[in-house]
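Colleague: The sequence shown begins at 8 in the numbering used here and counts up by one.
Sharing a structure with you now.
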Amino acid sequence: MPQAYPACMKIGILGAGHIGKALARLLAEAGHEVGISNSKDPATLRDLAHELGHGVKAFDREDAARFGELVIETIPFGKYGTLPAVPMEGKIVIDTANYYPERDGQIDLGNLSESAFIAHHLPKSRVVKAFNTIASAHLEAQGDTTKPLDDRRAIFIAGDDQEAKDVVTGLIEQIGFAAVDTGSLEDSKVQQPGTAIYGPDLTATQARAELTKLKG
Ligand SMILES: NC(=O)c1ccc[n+]([C@@H]2O[C@H](COP(=O)([O-])OP(=O)(O)OC[C@H]3O[C@@H](n4cnc5c(N)ncnc54)[C@H](OP(=O)(O)O)[C@@H]3O)[C@@H](O)[C@H]2O)c1
Numbered sequence: 008m009p010q011a012y013p014a015c016m017k018i019g020i021l022g023a024g025h026i027g028k029a030l031a032r033l034l035a036e037a038g039h040e041v042g043i044s045n046s047k048d049p050a051t052l053r054d055l056a057h058e059l060g061h062g063v064k065a066f067d068r069e070d071a072a073r074f075g076e077l078v079i080e081t082i083p084f085g086k087y088g089t090l091p092a093v094p095m096e097g098k099i100v101i102d103t104a105n106y107y108p109e110r111d112g113q114i115d116l117g118n119l120s121e122s123a124f125i126a127h128h129l130p131k132s133r134v135v136k137a138f139n140t141i142a143s144a145h146l147e148a149q150g151d152t153t154k155p156l157d158d159r160r161a162i163f164i165a166g167d168d169q170e171a172k173d174v175v176t177g178l179i180e181q182i183g184f185a186a187v188d189t190g191s192l193e194d195s196k197v198q199q200p201g202t203a204i205y206g207p208d209l210t211a212t213q214a215r216a217e218l219t220k221l222k223g
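Listed below in structure tokens is the structure:
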């Protein structure tokens with residue numbers, strides 16, 4: 008039986024911006040061992056790691072990917088080519104990224120969803136899309152573990168590996184949100200920028216109702 012609610016995992020985070028910092032703090036506070044990285048020398052993250060507390064470590068991106076039993080990639084989409092694929096082989100990789108051509112440049116996704124495109128570049132990882140539809144300020148503030156799951160803010164997830172989605176669902180619940188599954192990585196087009204469920208503050212109950220409307 009898979010452990011869907013790991014009490015303590017080693018989590019490597021690639022990206023120390025709005026989402027990377029928020030997730031590092033929330034997951035470290037929830038009891039996980041967190042290593043964070045950016046595109047530079049880890050010395051540039053020592054102050055941040057200290058500020059986050061809870062033993063958060065600063066790494067370069069290769070070491071963060073090696074450190075994590077689970078890895079979160081939260082770098083700008085256009086930098087997908089720098090993701091260290093080998094140290095993430097066999098691991099669950101949470102992909103938070105959104106593709107904005109004006110920021111990321113023109114990229115030919117070949118009709119794939121954004122996360123299926125990322126997964127294509129991480130062929131031996133278990134990619135789960137999550138946290139892409141919530142603004143970082145809301146991620147920082149809206150988690151509430153005291154609420155029943157149906158009343159919590161929804162975090163949409165998608166992926167092709169049910170066991171990986173179960174683990175990510177557990178992490179989402181530990182930090183006070185509720186996961187709502189949109190389906191496979193290809194189905195995750197429904198939660199990309201510009202869709203009806205990208206951005207709005209929905210409870211899990213409301214989110215499931217919206218999804219039913221969208222999927223017919
Ligand atoms: N901001 C939001 O509210 C939000 C919400 C949901 C999803 N997202 C998506 O999540 C992703 C991250 O967004 P963000 O707002 O957190 O970005 P951000 O604030 O711009 O931070 C990006 C982080 O990624 C690092 N980085 C850039 N290139 C890298 C590389 N090649 N290797 C390792 N690290 C690299 C940057 O480090 P350096 O300082 O070294 O460049 C920085 O720490 C984006 O795809 C975004 O669309 C954002």
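Backbone N, C-alpha and C fix where the C-beta goes; we use that ideal spot for every residue, glycine too.
Quick check: the Cα distance between I18 and L34, rounded to an integer number of angstroms?
Modeller: Computed Cα separation, rounded: 8 Å.
Colleague: Just reading off the alpha helix (DSSP H) that T189 is part of, what are its end residues?
Modeller: Where T189 is concerned, there is no enclosing alpha helix (DSSP H), although the beta strand (DSSP E) it sits in stretches over 185-190.
Colleague: Following the continuous beta strand (DSSP E) through L21, name the residue where it begins and the one where it ends.
Modeller: From DSSP, the beta strand (DSSP E) with L21 extends over 17-21.
Colleague: When you compare only the Cα positions, how much space is there between P94 and K154?
Modeller: If you take the alpha carbons of P94 and K154, they lie about 37 Å apart.
Colleague: Consult DSSP for R133 and reduce its assignment to one of helix, strand or coil.
Modeller: The answer is strand: DSSP assigns R133 an E or B state.
Colleague: What separation, rounded to the nearest whole angstrom, lies between the Cα atoms of E217 and G88?
Modeller: E217 and G88: Cα-Cα distance of roughly 34 Å.
Colleague: Might you give, ordered along the chain, the residues of its own chain that have their beta carbon closer than 6 Å to the beta carbon of K196, omitting 5 neighbours on each side?
Modeller: For K196, where only same-chain residues beyond five positions count, the Cβ hits under 6 Å are S120.
Colleague: For ligand 1, I want to know if T140 counts as a neighbour, meaning its beta carbon is within less than 8 Å of at least one of the ligand's heavy atoms.
Modeller: Yes; taking the cut-off as 8 Å, the Cβ of T140 has a heavy atom of ligand 1 nearer than that.
Colleague: In chain order, what residues of the same chain have a beta carbon less than 7 Å from the beta carbon of G27, not counting five sequence neighbours either side?
Modeller: Answer for G27: I20, I43, T81, listed in chain order.
Colleague: Tell me which residue opens and which closes the alpha helix (DSSP H) that K172 is part of.
Modeller: Per DSSP, K172 belongs to the alpha helix (DSSP H) from 169-181.
Colleague: Does the Cβ of A14 have 16 or more other Cβ atoms within 10 Å, making it buried, or fewer, making it exposed?
Modeller: A14 is exposed by the Cβ-count criterion.
Colleague: Closer than 8 Å: is that where the CB of H25 sits relative to any heavy atom of ligand 1?
Modeller: Checking every heavy atom of ligand 1 against the Cβ of H25, one is found closer than 8 Å.
Colleague: Going by DSSP in three states, R110 sits in which element: helix, strand or coil?
Modeller: DSSP places R110 in helix when its eight states are reduced to three.
Colleague: Considering only heavy atoms of ligand 1, does any lie closer than 8 Å to the CB of F84?
Modeller: Yes, ligand 1 has a heavy atom inside 8 Å of this Cβ.
Colleague: So is the beta-carbon of L21 under 8 Å away from any non-hydrogen atom of ligand 1?
Modeller: Indeed, a heavy atom of ligand 1 lies less than 8 Å from the Cβ.
Colleague: Taking only three categories from DSSP, how would you classify S122?
Modeller: Helix at S122.
Colleague: Should A50 go down as buried or exposed, given a rule of 16 or more other Cβ atoms within 10 Å for buried?
Modeller: Counting Cβ neighbours within 10 Å, A50 comes out exposed, since fewer than 16 surround it.
Colleague: Based on Cα-Cα distance, which residue from R159, D151, D158, G97 lies nearest to L129?
Modeller: Closest option to L129, Cα to Cα, is G97.
Colleague: Is A148 near ligand 1, judged by its Cβ being under 8 Å from some heavy atom?
Modeller: It does not: the Cβ of A148 is nowhere closer than 8 Å to a heavy atom of ligand 1.
Colleague: For the structure I just gave you, are there three or more beta carbon pairs, one from the stretch 160-170 and one from the stretch 104-111, closer than 8 Å?
Modeller: Short answer: they don't touch.
Colleague: Just to confirm, is the Cβ distance from I259 to V63 under 9 Å?
Modeller: This structure gives no information on residue 259, because the portion of the chain shown stretches from 8 to 223.
Colleague: Distance, Cα to Cα, K222 vs L52?
Modeller: So the alpha carbons of these two residues sit roughly 42 Å apart.
Colleague: Identify whether R68 lies in helix, strand or coil by the three-state DSSP scheme.
Modeller: In the structure shown, R68 sits in a helix (DSSP, three-state: H, G or I).
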